[in-house]
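Engineer:
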Amino acid sequence: MDIEEDIKALQLDSSEDTVLVNVEDAIPDEAIKHDKADGEDSVMEEERKTDDVEKSDMPEDELRDEAHPDLKPEHVEPKGVSGKESSPLEDMQVEVEVNKKRHLNVVFIGHVDAGKSTIGGQILLLSGQVDDRTIQKYEKEAKDKNRESWYMAYIMDTNEEERVKGITVEVGRAHFETETTRFTILDAPGHKSYVPNMISGASQADIGVLVISARKGEFETGYERGGQTREHVQLAKTLGVTKLIIVVNKMDDPTVNWSKERYDEIESKMVPFLRSSGYNVKKDVQFLPISGLLGSNLKTRLEKSVCPWWSGHCLFEVLDAVEVPPRDPNGPLRMPIIDKFKDMGTVVMGKIESGSIREGDNLLIMPNKAAVKVLAIFCDEDRVRHVGPGENVRVRLSGVEEDDLLSGFVLCSVAKPIPAVTEFVAQLQILELLDNAIFTAGYKAVLHVHAVVEECEIVELMQQIDLKTKKPMKKKPLFVKNGAIVLCRVQVNNMICVEKFSNFAQLGRFTLRTEGKTVAVGKITALPTVADSA
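Structure follows, in structure tokens:
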């Protein structure tokens with residue numbers, strides 16, 4: 001891209017204030033004084049005359065600027081940018097200025113019908129991402145389906161099947177901003193049939209919002225054995241969601257009516273379970289009461305007239321206070337591909353776990369070793385030239401066909417590609433095996449690791465870990481039962497891209513599921529010494 005287009009892009013990015021200042025700079029001081037001295041009568045006439053006078057005094061190139069503001073000569077730069085030719089480094093700095101807000105990925109999880117999509121929709125409405133006309137259209141649509149309270153969920157559930165059934169199937173995506181932070185909302189499905197989709201959503205998240213329904217009977221259904229509240233908490237912890245905000249929703253329901261007793265009951269039941277799932281409740285978990293449908297306690301704090309006993313923060317304040325996890329912009333690039341499509345080239349979607357991407361970079365897609373070039377990068381809806389870790393992006397590539405890519409392939413740096421393996425050693429914790437099953441060599445399950453979903457087999461149980469001493473037992477186990485921690489060798493049919501947990505936690509943790517249930521969670525401790533990463 002040549003200098004002139006660079007300048008034009010920068011001018012479009014700069015705020016209106018800057019543009020106004022530039023225009024004023026081009027006008028001589030006497031003309032400004034003359035304008036200010038004018039009376040208010042026949043302002044239009046006077047301004048036109050003043051303009052004519054100014055233009056007759058102006059140098060020829062300034063006149064050209066006035067007539068065609070888009071066609072600025074090369075030496076004119078927006079305020080704050082030096083008159084030198086802009087180097088890629090300067091472009092990058094300008095871009096960093098534009099995107100200087102920190103970025104967080106938030107996943108909404110919880111039992112089916114707890115109100116996740118409604119809260120997501122309400123957040124977008126309160127942060128000005130959706131206009132009133134769209135809301136009116138959704139209200140009418142929901143009313144026609146005799147589902148009046150679903151209209152907020154329609155903002156997140158855009159698919160017709162989701163709207164008819166009233167349940168989320170795919171992971172919904174949206175963006176909103178507060179004063180200090182840009183957020184990507186990931187609205188995960190709550191239904192047990194769609195847990196694999198929930199896993200892919202949670203694996204991209206930095207923090208989780210666990211939605212619990214306070215309505216009588218609904219909390220109990222989600223919390224009892226087999227309920228998705230339990231499974232989602234365990235999965236979130238396994239998938240690297242270290243901080244949880246637990247919102248007790250539907251507090252406005254007639255069966256609850258902002259009752260402190262009901263709120264305390266839910267909190268007292270959840271705390272021991274959260275501890276057993278590995279969360280530090282004091283440090284990493286926060287509870288707050290809300291109403292997703294009414295928008296209570298989301299953007300502004302609850303009024304005492306509504307809920308006299310609550311004096312804590314609202315959801316936006318809690319989200320703003322969350323610390324961004326440490327990320328390495330200079331590390332080797334790792335971006336698991338979660339989706340791909342054709343659009344003037346091959347476009348891949350995913351979250352950058354480590355490293356940075358710039359336009360024009362030559363990269364590698366593993367495990368098929370496809371050499372690719374970055375043509376364009378899109379962050380949220382905007383095209384950018386450079387993007388760092390933690391961002392959800394769409395990257396347009398040349399050098400690879402869409403049909404040659406699968407979810408779970410990884411975009412990585414040529415210098416340090418990600419290992420591609422068919423076997424690895426892992427430490428597994430058995431959660432809950434299906435009836436009468438024993439965990440032994442030959443056990444088959446479905447492996448979920450970042451965006452990979454692959455059938456696997458346990459080839460060998462190597463060591464069992466003593467739960468009390470946390471040290472390996474001397475005797476090699478033949479089988480293990482629920483609750484056991486075991487070191488084992490896992491084999492998959494196709495080559496997959498993974499890392500050791502100690503090197504890249506997000507690409508080294510996984511879950512094992514069978515027949516729709518999560519049976520074990522684990523972390524990769526060793527890869528074959530001759531891992532195919534060349």
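Per the UniProt record's numbering, residue 1 is the first one in the sequence shown, and the count goes up by one each step. Note that the Cβ used here is the ideal one computed from N, Cα and C, for glycine as well.
1. Shortest alpha-carbon distance to Ser291 belongs to which of Glu303, Val281, Val285 and Asn280?
2. For Met198, count neighbouring Cβ atoms within 10 angstroms of its own Cβ and tell me buried if that reaches 16, exposed if not.
3. Closer than 8 Å by C-beta to Ile430: which residues in its own chain qualify, once you throw out the five before and the five after it? Chain order, please.
4. Checking 7 Å against the spacing of the C-beta atoms, do Glu457 and Lys444 come in under that value?
5. Across the region 416-424 and the region 130-147, are there enough close Cβ pairs to call them in contact, namely three or more that are closer than 8 Å?
6. Could you tell me if Asp206 is buried or exposed, where buried requires 16 or more neighbouring beta carbons within 10 angstroms of its beta carbon?
7. Between Gly312 and Ile266, what straight-line distance do the alpha-carbon atoms span, to the nearest angstrom?
8. Exposed or buried, Lys500, counting other C-beta atoms within 10 Å across all chains shown (16 or more means buried)?
9. How should Leu20 be labelled, buried or exposed, when 16 other C-beta atoms within 10 angstroms of its C-beta is the threshold for buried?
10. For Ala114, which of helix, strand or coil comes out of DSSP?
11. According to DSSP, is Asp403 helix, strand or coil?
12. Is the region 346-359 touching the region 305-319, taking contact as three or more C-beta pairs under 8 Å?
13. Taking C-alpha atoms, which residue in Val453, Ile119, Asn392 and Gly388 lies nearest to Val348?
14. Let me know the secondary structure DSSP gives Arg133 once reduced to three states.
15. Just to confirm the assignment, what range does the beta strand (DSSP E) spanning Gly350 have?
16. Just list the residues that DSSP pairs Pro472 with in beta bridges.
17. Where in the region 371-432 do unbroken runs of the beta strand (DSSP E), each at least 3 residues long, occur, reported from the N-terminal end onward?
18. Take Thr511 as the anchor and find which of Thr525, Arg489, Val449 and Met495 has the nearest alpha-carbon.
19. My understanding is that Met270 touches Ala214, with C-beta atoms under 8 Å, so please give their C-beta distance in whole angstroms.
20. What is the rounded straight-line gap between the Cα of Asp361 and the Cα of Ser398?
21. Between the Cα of His103 and those of Ala437, Thr525, Lys116 and Phe183, spot the shortest distance and give me the residue it belongs to.
22. Taking the C-alpha atoms as reference points, what is the distance between Gln506 and Lys260?
23. Does the separation of the CB atoms of Val233 and Ser203 fall below 7 Å?
24. On the premise that Val247 lies in contact with Tyr263, defined as a C-beta separation below 8 Å, what is that separation, rounded to the nearest angstrom?
25. How is the alpha helix (DSSP H) around Val322 delimited, first residue to last?
26. Closer than 6 Å by C-beta to Leu210: which residues in its own chain qualify, once you throw out the five before and the five after it? Chain order, please.
27. Might you give, ordered along the chain, the residues of its own chain that have their beta carbon closer than 6 Å to the beta carbon of Gly516, omitting 5 neighbours on each side?
28. Gly442 to Val459, Cα distance in whole Å?
29. Taking the beta carbon of Gly121 as the centre, do at least 16 other beta carbons fall within 10 Å, making it buried, or is it exposed?
30. Work out the CA separation of Val306 and Arg334 for me, nearest whole Å.
31. Mapping the DSSP letters down to three states, classify Pro196 as helix, strand or coil.
32. Please work out which residues of its chain come closer than 7 Å, Cβ to Cβ, to Phe341, disregarding the five sequence neighbours upstream and downstream, and give them in chain order.
33. Tell me Asn249's beta-bridge partners as DSSP assigns them.
34. How big is the Cα-Cα spacing for Pro272 and Tyr223?
35. From Ser502 to Thr525, what distance separates their C-alpha atoms?
36. Alpha carbon to alpha carbon, how far is Lys143 from Ala236?
Structural biologist: Taking the definition as stated:
1. Glu303
2. buried
3. Phe439, Val480, Lys481, Asn482, Gly483, Ala484, Ile485, Val486, Val519 and Ala520
4. yes
5. no
6. buried
7. 17 Å
8. buried
9. Low per-residue confidence applies at Leu20: pLDDT is 39, beneath 50, and the placement is therefore not dependable, though the value from the model is reported in the following sentence. Exposed is the call here.
10. coil
11. helix
12. no
13. Asn392
14. helix
15. Thr346 to Lys351
16. Ile465
17. 382-384, 392-398, 410-413 and 420-430
18. Val449
19. Their Cβ separation, rounded to whole angstroms, is 12 Å, which puts Met270 and Ala214 out of contact at 8 Å.
20. 11 Å
21. Phe183
22. 38 Å
23. no
24. Not quite, the Cβ-Cβ distance comes to about 11 Å (not below 8 Å), so this is no contact.
25. Where Val322 is concerned, there is no enclosing alpha helix (DSSP H), given that its DSSP letter is neither H nor E.
26. Ile109, Gly110, Leu244 and Ile246
27. none
28. 6 Å
29. buried
30. 47 Å
31. helix
32. Val347 and Glu402
33. Ser213
34. 12 Å
35. 7 Å
36. 35 Å
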